[in-house]
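*Asks:* Residue numbers (my numbering), protein chains in the order written: chain A, 1 to 134; chain B, 1001 to 1372. All C-beta atoms, glycine included, are put in the ideal place defined by N, C-alpha and C.
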Amino acid sequence: MVARVPVRQGLFVDADPPLLLGGRCRSCGRPHFARQENCPYCSSAHTEDDAFSGPGRLWAHTAVTAAPPGYQGEVPYGFGVVELPVGLRVVGRLTEADPSRLSIGRLMDLVVVPLHVDDEGRHVVTYAFAPEAI
Amino acid sequence: MEVAGVGLHPFGRHPGTSLPAMGAAAVRAALAEAEVGRGGFQAAFCATAYAGVASGHKVLGALGMTGMPIVDVEAGCASGAAALMLAASAIASGQRDTVLVFGVEKMPKGIIRSSFFDPWQEEAGLAATPAYFALRAQRLMETSGVTKDHLASVVVKNRAQGAGNPDAMFRSAVAAADVLGSRVVCEPLHLWMLCSPNEGAAAVVLRAARRSGVRVDSAVLRSHLPGAVLSESTPLAGLADESVVPPSTLAADAAYEEAGVGPEDLDVVECQDTDAARELLGYEELRLCPPGGSAELLESGATALAGRLPVNPSGGLLSKGEPLGASALGQVVELVRQLRGQGAERQVPGARVALAHTVGRGANAGVVILTR
Ligand SMILES: [Zn+2]
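1. Can you find the residues in the same chain that come closer than 6 Å, C-beta to C-beta, to alanine 1047 of chain B, ignoring five residues on each side of it along the sequence?
2. Cβ of proline 99 of chain A less than 7 Å from any chain B Cβ?
3. Between threonine 47 of chain A and chain B, is there a C-beta pair that is closer than 7 Å?
4. Under 7 Å Cβ to Cβ from valine 91 of chain A, same chain only, skipping five residues before and after it: list those, please.
5. Using 7 Å as the threshold, is the C-beta distance between alanine 978 of chain B and phenylalanine 79 of chain A below it?
6. Any C-beta of chain B sitting closer than 7 Å to the C-beta of leucine 58 of chain A?
7. So, with DSSP's three-state summary, where would you put glycine 1293 of chain B?
8. Check the Cβ-Cβ distances between glutamate 1232 of chain B and every residue of chain A, and say whether any is below 7 Å.
9. Count the other CB atoms, across all protein chains shown, that sit within 10 Å of the CB of histidine 1150 of chain B; report buried if there are 16 or more and exposed otherwise.
10. Look up serine 1248 of chain B in the DSSP assignment and say whether it is helix, strand or coil.
11. Do valine 7 of chain A and glutamate 1123 of chain B have their C-beta atoms closer together than 7 Å?
12. What does the alpha-carbon distance come out to for the pair aspartate 1217 of chain B and alanine 1254 of chain B?
13. Pick helix, strand or coil for aspartate 1167 of chain B, following the three-state DSSP scheme.
14. Taking Cβ positions only, does alanine 1237 of chain B come closer than 7 Å to chain A?
15. Could you tell me the boundaries of the alpha helix (DSSP H) in which proline 1020 of chain B lies?
16. Any heavy atom of ligand 1 closer than 6 Å to the beta-carbon of serine 1079 of chain B?
17. If you draw a straight line from the C-alpha of leucine 1266 of chain B to the C-alpha of alanine 1354 of chain B, how long is it?
18. Consider the Cβ of proline 69 of chain A: report whether some Cβ of chain B lies at a distance smaller than 7 Å.
19. Would you say valine 81 of chain A reaches chain B, if we count a Cβ-Cβ gap shorter than 7 Å as a contact?
20. Less than 7 Å separating the beta-carbons of phenylalanine 1045 of chain B and threonine 1098 of chain B?
21. Quick one: list the residues of chain A neighbouring leucine 1135 of chain B, beta-carbon separation under 9 Å, in chain order.
22. Using a Cβ-Cβ cut-off of 6 Å (strictly less than) and excluding sequence neighbours within five positions of lysine 1148 of chain B, which residues of its own chain qualify?
23. Output, in chain order, the set of chain B residues within a Cβ distance shorter than 8 Å of glycine 10 of chain A.
24. Would you say phenylalanine 33 of chain A reaches chain B, if we count a Cβ-Cβ gap shorter than 7 Å as a contact?
25. Along the chain, where does the beta strand (DSSP E) containing phenylalanine 52 of chain A start, and where does it finish?
26. Give me the Cα-Cα distance between alanine 1363 of chain B and tyrosine 127 of chain A, rounded to the nearest whole angstrom.
27. Would you check if the distance between the CB atom of glycine 1005 of chain B and the CB atom of alanine 1034 of chain B is smaller than 7 Å?
28. Check the Cβ-Cβ distances between glutamine 1338 of chain B and every residue of chain A, and say whether any is below 7 Å.
29. Tell me which same chain residues have a C-beta within less than 8 Å of the C-beta of arginine 1211 of chain B, skipping the five on either side of it?
30. Does the segment 1306-1324 of chain B come into contact with the segment 1162-1176 of chain B, if we say contact requires no fewer than three beta-carbon pairs (one atom in each stretch) closer than 8 Å?
31. Of the residues B:Lys1157, B:Asp1273, B:Pro1235 and B:Gly1039, which one's Cα is nearest the Cα of glutamate 1399 of chain B?
32. Is the Cβ of alanine 1152 of chain B closer than 7 Å to any Cβ of chain C?
33. Does the beta carbon of cysteine 1271 of chain B fall short of 6 Å from some heavy atom of ligand 1?
34. Got a list of residues with beta-carbon closer than 6 Å to any non-hydrogen atom of ligand 1, in chain order?
35. So what's valine 124 of chain A in DSSP terms, helix, strand or just coil?
36. Using a threshold of 7 Å, state whether the C-beta atoms of proline 1197 of chain B and glutamate 1334 of chain B are closer than that.
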């Protein structure tokens, strides 16, 4: 089995099903992602760990056809925003690279996908969203 | 206060011209119009996002015009509006009489690498700036009557207007079929619906005294409120909350109030058309139309050069390209010329009240209202 390493530590739990690692404000109660020490909405320093699961609803989607700066993976790839049940709209990759095969409102699973292989032969992985089979 | 002089170095690709040389050309032209010489301004603000340390000093150093405070200002696409806001504040406070504001940029072709994103976001493919524009365009289409044909119409309108602007990078009209035939960068945005990062410079001399006839009635810069996922602040996540007021509306409302005018009083507008959908969103955010009404306003012909409220008579960024530090001041240069009746074949007849709008990463939004 090829070793896997997350693209950033503390961003998600690489399990089945995966979880996004964010936080929640103890003052205003609102969730945030990625994890921050201070609430990005009300400025409170009283925040705590929280974790968010899918599936969510597709809120906006497109596909990236040319590699953006610093990206070594394949193109095209899907890109969009998924609204999670917790009330967060999360930007992320989509496993579907053809926008015509998706539509707003589609149920999307939270998944973990490989990006590329690093210098030590490990798969660098990130969170992404995949359309639920209809 | 007044705009005493404006100057521009054409926007485009100028491989043989250095950044200080472009800046110096624009500054010299603006100072000449204002009849202000060396020592005639008490502060200078230089807008740039990518030029690096002490760019303003390089430009004014090349002209032998240093000694006063020179401050570089970075606020993404709104850098020029930020510099103008600081200059206007210095004059309004009575601390300065005459302030030089200029913007310079020299950017390569293609998607710009931005230190805004974390390295992991680049590695994950999330630093895809046009993709964020595309998602915003799709949401506009989802929440209003805007279609891809409307996006193409914006490009056709602005390129036709830009054909009359000798300072623009693209000076040819295009057909909607060719816009829709250009390659898809990020659905629904095709290549010709996106502005090109490029090179150029613009300069404006602000002065307390009233001689020239073009007044600055407001120069407002506002940043974003937290919570919106697809605002120019480009967060990784936002709340499922439609009530967050965008920074362009915050800036526009403050500018209208300060100037004592409303959107119905405007004669001409230059707005941020980073992509074709961004212009239509601007119609809503600047209150040029009711929410969801941008397609109808465009279809009515009101925002074309011959219409009731021409938007982007210069051709917009879609024709000029976008040298970040210079672009917002380039809008002001265009509007000052319009208000003076120097718009040549793209003149808006009898223009008296003009609005410049810019918004970019940060997020920052700038709105400047000029009158004569
Ligand atoms: Zn809070």
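*Replies:* Reading off the structure:
1. Val1073, Ser1079, Gly1080, Ala1083, Gly1103 and Gly1325
2. yes
3. no
4. Val81
5. Since the first residue shown for chain B is 1001 and the last is 1372, residue 978 of chain B is missing from the structure and cannot be characterised.
6. no
7. coil
8. no
9. buried
10. helix
11. yes
12. 11 Å
13. coil
14. yes
15. 1019-1034
16. no
17. 6 Å
18. yes
19. yes
20. no
21. Trp59, Ala60, His61, Thr62, Phe79, Gly80, Val81 and Val91
22. Pro1188
23. None at all; the shortest Cβ gap to chain B is about 11 Å.
24. yes
25. 47-52
26. 26 Å
27. yes
28. no
29. Glu1002 and Ala1004
30. yes
31. Shown here, chain B extends from 1001 to 1372; a query on residue 1399 of chain B therefore has no answer.
32. This model lacks chain C altogether; the protein chains it does include are A and B.
33. no
34. A:Cys25, A:Ser27, A:Cys28, A:Arg30, A:Cys39, A:Tyr41, A:Cys42 and A:Ser44
35. strand
36. no
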